[in-house]
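**Student:** One structure coming up, written as C-alpha cells, with questions to follow.
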Amino acid sequence: MAVNEMSQSLAEAPPSSAGWFEFARRHRAGLASLFVLVFPLVMPFTALAANILIYGLYALGFNLVFGFLGLLSFGHAALFGTGAYLCGIAIVHFGLPWYAAIVIGVVAGAIMAAAIGALAIRTRGIYFAMVTMALAQCVYYLFYQAEGWTGGENGLRGINVNRIEIFGIKLDFIDPLTRYYVIAAFVILALFALSRILASPFGAVIQAVRENEARARASGYNVTLTRFITFVLSGAFCGLAGALAALHLSIVPIEMLYYETSGMAVMMSLLGGMGTFFGPFVGAAVFLLLENLVSLWTVHWQLIVGAVFVACVLFFPAGIWGTILKRLDR
Amino acid sequence: MSADNPDVILRTYGVSKLFGKFRALNDISASFPRGAITSIIGPNGAGKSTYFNLLSGSLAPSGGRVEFEGRDVTNVPQHQFAHMGVAKSFQITNVFPQLSTRENVRVALQALVSRYDIWRPRAKLPGLAERADALLNQVGLWHCRDRIAKTLAHGEQRALEIGMALASNPRLLLLDEPTAGMSPEETRAMMDLIVKLAKERTVILVEHKMKLVMGISDRVLVLHQGELLADGTPAEVRQDQQVKRVYLGQRH
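Line order of the protein sequences matches chains A and B.
Just so you know, we're using our numbering here: the first sequence kicks off at 101 and counts up by one.
Just so you know, we're using our numbering here: the second sequence kicks off at 407 and counts up by one.
What follows is the structure, given as C-alpha cells:
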C-alpha cells in the first residue's frame with residue numbers, strides 16, 4: 101500500500117537514516133525550487149515546462165487532501181477552474197493588474213473550496229468522492245451558463261498580459277522563458293508555503309486525522325474542522341495553479357472544469373506518489389510528457405498513458421517518486 | 407443537583423440507548439466517586455461498552471443525561487472531552503499506526519497546545535518533546551520510542567494508547583477493556599500500571615473478566631442485559647444474589 105510511503109515522507113525519520121537524506125528532507129522546498137529553476141533547460145519546449153509547473157502545483161494542492169489528509173476528492177477541477185476563471189475575469193472584465201488577478205484567483209479557489217467543503221466534508225470515502233464530483237459538475241454548469249462573464253463553451257478569451265513590471269523591472273511576458281520564470285516564482289513560493297504547512301503543528305494534525313480519525317478525536321482534535329481547513333488550503337493552492345494557467349494560456353478553456361481535470365489530479369498524484377511532498381510534481385511531469393511526446397506519433401496517446409498508469413499502480417504502488425524515496429531511505 | 411457534590415466526578419441520570427428497536431441500555435442512573443477506581447462489569451452483551459461510550463461522549467444517549475463535575479455533557483462533542491479533563495482508551499487498539507511511538511504521544515500532547523497553527527514549525531513547540539519522553543517512560547515504552555507504532559507488540563500498543571490518553575493529564579481516565587487480548591504477564595503489568603495511575607486521578611474501567619478487577623476496584627457496577635444489576639464495593643457485589651445468579655453462576 102502507498103500508505104507505507106506516506107509516513108516516510110511525513111513522520112519523523114528513524115535516526116538510522118543517512119544524514120544527507122535527512123538534509124534533503126529538511127530542505128525539500130529548497131531542493132524542489134532548484135529543480136524548478138533548471139527544469140526548462142532540460143525540457144523540449146519551455147511552454148511544456150510551464151504547463152508541467154502549473155499542473156504540478158495543481159496536483160500538489162490536490163495531494164494535500166488526497167495523500168496527506170486521506171480524502172479522495174473528485175471535484176478539484178472546480179477549484180482549479182474557479183481560480184483560472186476568476187483570475188481571467190479580473191483581467192478581462194475589470195482590467196485589474198496581473199498580480200491582483202493572481203491574488204483573486206487564489207482567494208476564489210479557497211472560497212470555492214469552502215463552499216464545496218462545507219457540503220461535502222462530513223462524508224467519507226466513496227461518498228466524499230461522489231459529492232465533490234457532483235458539486236464540481238454544478239460549478240462547471242454555472243460557469244458554462246454565465247456566458248457573458250466566462251465565454252461559455254468558447255472559454256474565456258483575451259487574457260492578454262504582454263508586459264509586466266516587477267519592482268520597476270519591465271519583463272516581456274510573451275517570451276516563453278520569462279513567462280516560465282514568472283510562473284516559477286509563484287510555484288516556488290507555494291512550495292515553501294506547503295512545506296511549512298506540513299511541518300507545522302497543523303501538519304501533524306492532518307496526518308493524525310488520516311491515520312486514525314477516532315483517536316484524533318479522542319485526543320481532542322476537531323476532525324471535521326481540520327478536514328475543512330485542509331480542503332480550503334488545498335483550494336488556495338489549486339486556485340493559484342488555475343490563475344497561473346490562465347495567465348500562461350491567455351485563455352481559460354471550459355475543459356478546465358471538466359471532471360477529466362479532476363481525474364488528472366488523481367492520476368498525477370498516484371503516478372508520482374501520493375502523500376509525498378514532491379511526488380505530484382513528478383506525476384504531472386510524467387503524465388504531460390507522455391501526453392506531449394506520445395501524441396506526436398499516435399493519436400492514441402491516452403492508451404499509452406493508461407498502460408503506464410496501470411503498470412505504475414501494479415508495480416510501484418508507492419508511485420514513481422514514492423518508490424525512489426523508499427529505496428533511498430533504506 | 408450533583409453540582410454541589412465534589413466527591414462525585416461523573417454521574418448519569420436515567421440514560422438509555424436504543425439501536426433501532428434494540429434497547430442496549432435501559433434507564434441507568436449511577437454516580438462515580440472521585441479518586442476511586444470504578445469497574446463496570448457484566449457478561450457479553452450486557453451493555454458495558456455502550457455505557458462506556460455514553461460516559462466518554464462517543465455516543466449520545468437516546469434518553470437521560472450525563473454530568474461531568476456537575477456540568478451537563480450529554481451533547482458535548484467528543485473532541486472537547488480531552489479539553490475538559492476526560493481521556494479514554496479504546497477497546498480495540500487505536501493508535502496512529504504509521505507514526506513512530508514518540509510521534510504518537512507527541513501528537514496527543516500537541517492537542518492541548520496547538521491545533522490550528524499552520525505556520526510555525528512544530529519542532530519548536532516548547533516542552534512537547536520533553537513531555538513526550540516523560541510519558542513514554544511512565545508507560546514503559548522508552549525502549550521502542552522510535553519504532554513505527556504498528557510494529558509494536560499488542561501489549562505495547564495498549565500501553566501506548568494509555569500514554570496518549572494521559573497526554574491531556576486527565577482528571578478522569580476511562581479505559582475500555584484495557585487487558586483485552588493480553589497475555590497473563592501483559593495483563594499483570596497493565597493492572598499495575600492502572601493502580602499506579604489511579605493514585606493521581608479517577609479511573610473508570612470496563613472489564614469482561616470479573617476476577618481481574620475485584621482486587622483493584624473501589625466500586626463495581628454490574629450490568630446485565632442493559633440494566634444496572636448491582637452497584638457497590640467488590641465485597642457487596644460478590645454477595646449479591648442476583649449477580650451470583652446471572653454472572654458468577656454461569657461463568658466463574
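Virtual Cβ for every residue (Gly too), placed ideally from N, Cα, C.
To the nearest angstrom, report how far apart R279(A) and R222(A) are at their CA atoms.
**Tutor:** Taking the first sequence and counting its residues from 1, the one referred to as residue 279(A) is at position 179. Taking the first sequence and counting its residues from 1, the one referred to as residue 222(A) is at position 122. Rounded to whole angstroms, R279(A) to R222(A) spans 41 Å at the Cα level.
**Student:** State the DSSP-derived secondary structure class of L547(B), mapped to helix, strand or coil.
**Tutor:** Start at 1 with the first residue of the second sequence, and residue 547(B) comes out as number 141. Three-state DSSP puts L547(B) in coil, outside helix and strand.
**Student:** Listed in chain order, which residues of the stretch 302–313 of chain A have Cβ atoms closer than 8 Å to some Cβ of chain B?
**Tutor:** The stretch 302–313 of chain A vs chain B, Cβ under 8 Å: F302, G303, A304, V305, Q307, A308, E311, N312.
**Student:** From which residue to which residue does the beta strand (DSSP E) around H348(A) run?
**Tutor:** Working through the first sequence from its first residue, we reach residue 348(A) at position 248. Not the beta strand (DSSP E): H348(A) falls in the alpha helix (DSSP H), residues 323–349.
**Student:** What does G419(A) reach in chain B if we use C-beta pairs closer than 8 Å?
**Tutor:** As a first step, residue 419(A) is located in the first sequence; it is residue number 319 there, counting from the start. By Cβ distance, chain B contributes nothing, its closest Cβ being about 16 Å from G419(A), past 8 Å.
**Student:** Using the beta-carbon of each residue, which ones in chain A are nearer than 9 Å to P527(B)?
**Tutor:** Taking the first residue of the second sequence as position 1, residue 527(B) is located at position 121. Near P527(B) (Cβ distances below 9 Å), the residues of chain A are R296, A299, S300, P301.
**Student:** List the residues of chain A that A573(B) touches, going by C-beta distances under 8 Å, in chain order.
**Tutor:** The count along the second sequence starts at 1 and reaches residue 573(B) at position 167. Per Cβ cutoff of 8 Å: S319.
**Student:** Output needed for E391(A): all residues of its chain with C-beta closer than 7 Å, excluding positions within five of it in sequence on either side, in chain order.
**Tutor:** The count along the first sequence starts at 1 and reaches residue 391(A) at position 291. Excluding sequence neighbours, E391(A) sits near W401, V405.
**Student:** May I have the straight-line CA-CA distance separating P483(B) from N322(A), to the nearest angstrom?
**Tutor:** Residue numbering aside, residue 483(B) sits at position 77 when the second sequence is read from its first letter. Residue numbering aside, residue 322(A) sits at position 222 when the first sequence is read from its first letter. So the alpha carbons of these two residues sit roughly 9 Å apart.
**Student:** Could you check the C-alpha separation between L157(A) and F487(B) for me, to the nearest Å?
**Tutor:** Looking up residue 157(A) in the first sequence gives position 57. Looking up residue 487(B) in the second sequence gives position 81. Rounded to whole angstroms, L157(A) to F487(B) spans 38 Å at the Cα level.
**Student:** Between which two residues does the alpha helix (DSSP H) carrying L611(B) extend?
**Tutor:** Counting from 1 along the second sequence, the entry for residue 611(B) is found at position 205. Where L611(B) is concerned, there is no enclosing alpha helix (DSSP H), although the beta strand (DSSP E) it sits in stretches over 608–613.
**Student:** Under 7 Å between the Cβ atoms of A220(A) and T232(A)?
**Tutor:** Locating residue 220(A) in the first sequence gives position 120, where the first residue counts as 1. Locating residue 232(A) in the first sequence gives position 132, where the first residue counts as 1. Yes; because the gap between Cβ atoms is below 7 Å, this pair is in contact.
**Student:** Does the CB of V513(B) have a neighbour CB from chain A at under 7 Å?
**Tutor:** To locate residue 513(B), count along the second sequence from 1; it is residue 107. Cβ-Cβ to chain A under 7 Å: yes for V513(B).
**Student:** Can you list, in chain order, the stretches of the alpha helix (DSSP H) that have 4 or more residues and sit fully within the stretch 288–322 of chain A?
**Tutor:** As far as the stretch 288–322 of chain A is concerned, its whole alpha helix (DSSP H) runs of at least 4 residues are 301–311, 313–319.
**Student:** List, in order along the chain, the chain B residues whose C-beta lies closer than 9 Å to that of N163(A)?
**Tutor:** Mapped onto the first sequence, residue 163(A) falls at position 63. None at all; the shortest Cβ gap to chain B is about 16 Å.
**Student:** Using a cut-off of 9 Å between C-beta atoms, extract the partners of R125(A) located in chain C.
**Tutor:** Any reference to chain C falls outside this structure, whose protein chains are A and B.
**Student:** For a test of the three-state rule: what should DSSP assign to S408(B), helix, strand or coil?
**Tutor:** Translated into positions along the second sequence, residue 408(B) becomes position 2. Here the model assigns S408(B) a pLDDT of 43, short of 50, so the residue's position is not dependable, and the following value carries that caveat. Looking at S408(B) - three-state DSSP - the assignment turns out to be helix.
**Student:** With a cut-off of 8 Å, do at least 3 Cβ pairs link the stretch 289–300 of chain A to the stretch 232–245 of chain A?
**Tutor:** Counting Cβ pairs under 8 Å, fewer than three are found: no touch.
**Student:** Quick check: the Cα distance between V266(A) and A346(A), rounded to an integer number of angstroms?
**Tutor:** Looking up residue 266(A) in the first sequence gives position 166. Looking up residue 346(A) in the first sequence gives position 246. This sequence places Ile at residue 266(A); Val is not what is there. Rounded to the nearest angstrom, the two C-alpha atoms are 19 Å apart.
**Student:** Suppose the cutoff is 6 Å on Cβ atoms and the five residues either side in sequence are ignored; what does the same chain contact list for I306(A) look like?
**Tutor:** Taking the first sequence and counting its residues from 1, one reaches residue 306(A) at position 206. F168, L169, T330.
**Student:** Over the uninterrupted alpha helix (DSSP H) stretch that includes H630(B), give me the two end residues.
**Tutor:** The residue you call residue 630(B) lines up with position 224 of the second sequence. No alpha helix (DSSP H) contains H630(B), which is instead part of the beta strand (DSSP E) from 625–630.
**Student:** Are the Cβ atoms of N151(A) and L388(A) separated by less than 7 Å?
**Tutor:** Along the first sequence, one-based indexing puts residue 151(A) at 51. Along the first sequence, one-based indexing puts residue 388(A) at 288. For N151(A) and L388(A), yes; Cβs fall inside 7 Å.
**Student:** Report all residues from its chain with a CB closer than 7 Å to the CB of K558(B); omit the five preceding and five following residues, and keep chain order.
**Tutor:** Here residue 558(B) refers to the residue found at position 152 of the second sequence. Sequence inspection shows Leu at residue 558(B); the Lys mentioned does not correspond to that position. Excluding residues within five positions, the ones whose Cβ falls inside 7 Å are T507, C550, L566.
**Student:** Whole alpha helix (DSSP H) runs in the stretch 485–573 of chain B with 4 or more residues, listed along the chain?
**Tutor:** Complete alpha helix (DSSP H) runs here, min 4: 487–490, 507–516, 534–544, 560–572.
**Student:** Where do the N-terminal and C-terminal ends of the alpha helix (DSSP H) with T250(A) fall, by residue?
**Tutor:** Along the first sequence, one-based indexing puts residue 250(A) at 150. That run of the alpha helix (DSSP H) goes 247–250.
**Student:** Rounded to the nearest angstrom, what separates R651(B) and G463(B) at their Cα positions?
**Tutor:** As a working note, residue 651(B) is residue 245 in the second sequence. As a working note, residue 463(B) is residue 57 in the second sequence. Approximately 32 Å, taken between the alpha carbons.
**Student:** DSSP state of A411(A), grouped into three classes?
**Tutor:** As a working note, residue 411(A) is residue 311 in the first sequence. Correct three-state label for A411(A): helix.
**Student:** Grouping DSSP H, G and I as helix and E and B as strand, with all else coil, what is G422(A)?
**Tutor:** Within the first sequence, the letter at position 322 stands for residue 422(A). Helix, per DSSP.
**Student:** Buried or exposed: which applies to K701(B), given that a residue is buried once 16 or more other Cβ atoms fall within 10 Å of its Cβ?
**Tutor:** The shown model of chain B, from 407 to 658, leaves out residue 701(B), and the question about it has no answer.
**Student:** Rounded to whole angstroms, what is the Cα-Cα separation between P449(B) and V472(B)?
**Tutor:** Taking the first residue of the second sequence as position 1, residue 449(B) is located at position 43. Taking the first residue of the second sequence as position 1, residue 472(B) is located at position 66. Taking the straight line from one Cα to the other gives about 24 Å.
**Student:** Which of the residues in the stretch 257–285 of chain A, read from start to end, lie with their CB under 9 Å from any CB of chain B?
**Tutor:** Answer in chain order: no residues at all.
**Student:** Cα separation between E606(B) and R577(B)?
**Tutor:** Locating residue 606(B) in the second sequence gives position 200, counting from the first residue. Locating residue 577(B) in the second sequence gives position 171, counting from the first residue. The straight-line gap from Cα to Cα measures roughly 8 Å.
**Student:** Can you list, in chain order, the residues of the stretch 371–386 of chain A whose Cβ is nearer than 9 Å to any Cβ on chain B?
**Tutor:** Going along the stretch 371–386 of chain A in chain order, one finds no residue with a Cβ nearer than 9 Å to chain B.
**Student:** Could you tell me which whole beta strand (DSSP E) segments of length 3 or greater appear in the stretch 203–268 of chain A?
**Tutor:** Whole beta strand (DSSP E) segments, 3+ residues: 263–266.
**Student:** Is it buried or exposed, E583(B), if we count other Cβ atoms within 10 angstroms and call 16 or more buried?
**Tutor:** Translated into positions along the second sequence, residue 583(B) becomes position 177. So E583(B) counts as buried.
**Student:** Taking 7 Å as the threshold (C-beta atoms), are E253(A) and I351(A) in contact?
**Tutor:** As a first step, residue 351(A) is located in the first sequence; it is residue number 251 there, counting from the start. As a first step, residue 253(A) is located in the first sequence; it is residue number 153 there, counting from the start. Not closer than 7 Å, so no.
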